[in-house]
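Take a look at the structure below.
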Amino acid sequence: MKSVLITGAAGFLGSHLCDRFVREGYRVIGMDNLITGDLKNIEHLFKLKEFEFYHHDVSKFVYVPGDLDYILHFASPASPIDYLKIPIQTLKVGSLGTHNLLGLAKAKKARILVASTSEVYGDPMVHPQNEDYWGHVNPIGPRGVYDEAKRFQEAITMAYHNVHGLETRIVRIFNTYGPRMRLNDGRVLPAFIGQALRGEDLTVFGDGSQTRSFCYVDDLVEGIYRLLLSDYHLPVNIGNPDEITMGEFGEELIRLTGAQQKLIFKPLPTDDPKQRQPDITRAKAILGWEPTVSRAEGLAKTYAYFKALPTEELRKTAHRFES
Ligand code: UDP
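Each residue of the sequence shown is one higher than the one before, counting from 145 in my numbering.
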């Protein structure tokens, strides 16, 4: 039985990865400090003998007994509201945390995949973004703590590959959505769905002309799974190229949820990227991967998840525009 350590296991992506690796017959060790993660996302796994959980902050020395074949480093705050609230933890988990896990991978002779992000491209001047683009990042802006931690993460991962011959994989994740996103993480999708369900107007930032391209979580997990098992060590974009403006996205959610409310416009947050769309030529060529879930299908599943949450959960919201 192969074993995999998944950091950020109680988070949105980490928990879906735990499910996938359990299903594939791995022994899964989940790790999380539960700052932004929630045990509810993985409680269904606790009864399984092939699943173990460690409550630990990977920015501190990481110890795992026994053999380890793979490490997936997915621990990090990952929404603008989180890294504005906990900027230093965000910097530490991307830098010190990555260093600790690279050290662990080296000691265990394990292969490591690190979760990077489209944020390494910043507010991009090249569209769509391919992996050869170096990005346009403001290091001292509010997003700098996340963007630069992730850029450092890529640099140190490449250094461990080059110096120690470590087997490394780097996935650049574009906007992803699905069940288990936190309703109050301030991201556009949970924000709009929460507002629709509470009967509030939907808050579009700026004039709503900025674009994003949303990938359903199952597609992302499939791309990550293939990348881990591939022999390719350079960064690979994984995302859905279907691009939409935030204004259109708000209208789409009003139609989907049958909400009576309207869109209202709030100031655009500092350094909010104007456009984002992955160029997935590399993922197609190397992994034979492309997304298969349309936005209509993915949003319907995600909406069903949020709608079934208890009413008190729905009250948890983040009014990002007031801060
Ligand atoms: N956004 C919005 N209303 C909200 C939350 C976000 O219009 O209530 C916009 C935000 O300004 C950005 C886009 O939606 O342009 C995506 O934001 P998110 O925080 O989900 O992720 P990002 O891609 O910016 O990291």
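Ideal placement from N, C-alpha and C gives every residue a C-beta, glycine not left out.
Check, Outcome
"heavy atom of the ligand UDP below 7 Å from D416 C-beta", "yes"
"Straight-line gap, D416 to E187 (C-alpha atoms, nearest Å)", "35 Å"
"Cβ-heavy atom distance, V281 to the ligand GTP, below 7 Å", "Within the structure as shown, the ligand GTP is missing, the only ligands being the ligand UDP."
"Chain-order list of residues whose beta-carbon lies under 8 Å from that of V166 (same chain, five-residue window excluded)", "V172, L189, L192, E194 and F195"
"Residue interval of the alpha helix (DSSP H) (run including I300)", "G288 to H308"
"Distance between N328 and P334 (C-alpha atoms, nearest Å)", "7 Å"
"Three-state secondary structure assigned by DSSP to N381", "strand"
"Unbroken alpha helix (DSSP H) run spanning D226, endpoints", "P224 to K229"
"I186: first and last residue of the uninterrupted alpha helix (DSSP H) it sits in", "Counting along the chain, I186 falls outside any alpha helix (DSSP H), and DSSP gives it neither H nor E."
"Span separating the alpha-carbon of P323 from that of V281", "30 Å"
"Among F197, N319 and A303, the one whose alpha carbon lies nearest that of T242", "A303"
"Rounded separation between A154 and I215 - CA only", "15 Å"
"Best match in Y369, I284 and A259 for proximity to I232 [C-alpha to C-alpha]", "I284"
"Cβ shell of E466 (< 6 Å), same chain only, five flanking positions each side left out", "Only weak support is given to the placement of E466: the predicted model assigns it a pLDDT of 44, under 50, and the question is left unresolved by the model."
"Distance, H308 Cα to L458 Cα", "48 Å"
"Local Cβ density within 10 Å of H160, reported as buried at 16 or more and exposed below that", "buried"
"Where the beta strand (DSSP E) containing V365 begins and where it ends", "Segment V361 to L373 is the alpha helix (DSSP H) holding V365; no beta strand (DSSP E) there."
"Local conformation of K410 per DSSP, three classes", "strand"
"Beta-carbon contacts of M269 that lie in its chain and below 7 Å, excluding the five residues immediately before and after", "H280"
"The segment 395-403 / the segment 254-261 touching (three or more Cβ pairs under 8 Å)", "no"
"Status (buried if at least 16 other CB within 10 Å, exposed otherwise) for T180", "buried"
"Local conformation of L216 per DSSP, three classes", "strand"
"Span of the alpha helix (DSSP H) around L341", "V332 to R342"
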